[in-house]
Amino acid sequence: MKDEYRRCLLCPRRCGVDRSAGELGFCRQDDRIRLACATRHFGEEPPLTEGGGSGTLFFSGCTLRCGFCQNVQLSRSEVGAIVDENDLAEIFLEMEARGARNLNFVSATPFLPGIEGALEKARHQGLSLPVVWNGSGYETVETVRRLAGFVDIFLPDLKLLDPPRSGRLFAARDYPRVAVAAIRVMVDAAPLRWEEGELKGGTIVRHLVLPGLIEESLRVLEWCAENLRDRALLSLMLQFSVPPESRGRSGRKAGLEYRQVRSDEYDRLLRQLDDLGIEEGFIQEADDEEEWWPNFEDPNPFPAQYSKVVWSCNVPGGFTEGR
Ligand code: SF4
């Protein structure tokens, strides 16, 4: 039993609930690790996926509540199976055996103590994969400092810089202040480190462009140019998808429009990158044709070309064939 679950302060919500007694905070998770899927993912940034794919682990629960979340089945805690530290260590080792390039923990902060325990067990059994911490950027400085002890690459979002809008869209008015502080610590703790063309350490800051909120994206790019130049990589993402329940309707919330990013908006962002002299990083191609939504109730939640599943809560026994 981890003592810190007795009064949980792991994320900026600082709920203070006793998760070991079954009390649930904002993330709706008790003290057990709840995992939905572990897959070799090929849809992440190239330095994370080249070769055998990024060994991506999707957990239940989230510390934000974004109305447009693609992983809503996870963030609402609808999908996932309980695993203990030994199970998780076994999954890590299987990821490495099947060729994953790293372990990529997605929105995993509520399970940080259990993940640390599982990593320690797996390291003793020979695990050598680097660790990627992939999240919303909504982390406490204390948690980031703790993560810095074992994370090689931080992969935070920087979603918006406007507090009222963050309150309306993510249920976190303090998101801009918290995320900026967390990213500063990540960048200090994990300097960019390349060896023979391979990214071995550093921070990749992701920004998902939200249709209708291009001004917000321009501000985020400015912040990145002022604060991250030569110290971190920027990843500009254009994969916003309209939630299935909102398709065919002209949904709009806090300025966000439920449609895909238009080509004129994309062009404006490219000009901004040019004007700011941001050259290092990644940008998704605008593709009107491609709109898909992961289904975590399937053994493989993603299109097959993006994902080779190693373990799933929807497969009897957990592991897929290939052991
Ligand atoms: S991890 Fe969950 S319970 Fe703990 S502070 Fe964050 S939201 Fe609250």
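Using our numbering, you'd call the opening residue of the sequence shown number 410 and step up by one each time. Ideal placement from N, C-alpha and C gives every residue a C-beta, glycine not left out.
Just to confirm, does residue i get its C-beta within under 8 Å of one of the non-hydrogen atoms of ligand 1?
i           : result
residue 436 : yes
residue 423 : yes
residue 481 : no
residue 419 : yes
residue 515 : no
residue 426 : yes
residue 519 : yes
residue 470 : yes
residue 433 : yes
Can you tell me where the alpha helix (DSSP H) holding residue i begins and where it ends?
i           : result
residue 552 : 550 to 556
residue 685 : 672 to 685
residue 501 : 494 to 506
residue 457 : 455 to 458
residue 530 : 521 to 533
residue 544 : Not the alpha helix (DSSP H): residue 544 falls in the beta strand (DSSP E), residues 540 to 544.
residue 593 : 584 to 598
residue 484 : 481 to 484
residue 575 : 572 to 579
What residue does the beta strand (DSSP E) around residue i start on, and which one ends it?
i           : result
residue 632 : No beta strand (DSSP E) holds residue 632; the alpha helix (DSSP H) holding it covers 623 to 636.
residue 614 : 607 to 617
residue 448 : 442 to 450
residue 565 : 562 to 565
When you compare each of the options to residue i by their alpha carbons, which one comes out closest?
i           : options            : result
residue 415 : 522, 455, 462      : 522
residue 428 : 672, 417, 693      : 417
residue 632 : 581, 614, 529, 661 : 614
residue 710 : 423, 435, 422, 449 : 449
residue 666 : 558, 555, 444, 578 : 578
residue 520 : 441, 640, 690      : 441
residue 611 : 541, 586, 683      : 541
For ligand 3, any of its heavy atoms closer than 8 Å to the Cβ of residue i?
i           : result
residue 522 : Questions concerning ligand 3 fall outside what the structure shown contains, since the ligands it does hold are ligand 1.
Are the beta-carbon atoms of residue i and residue j separated by less than 9 Å?
i           : j           : result
residue 515 : residue 727 : no
residue 438 : residue 469 : yes
residue 457 : residue 501 : no
residue 547 : residue 517 : no
residue 481 : residue 652 : yes
residue 446 : residue 672 : no
residue 544 : residue 569 : no
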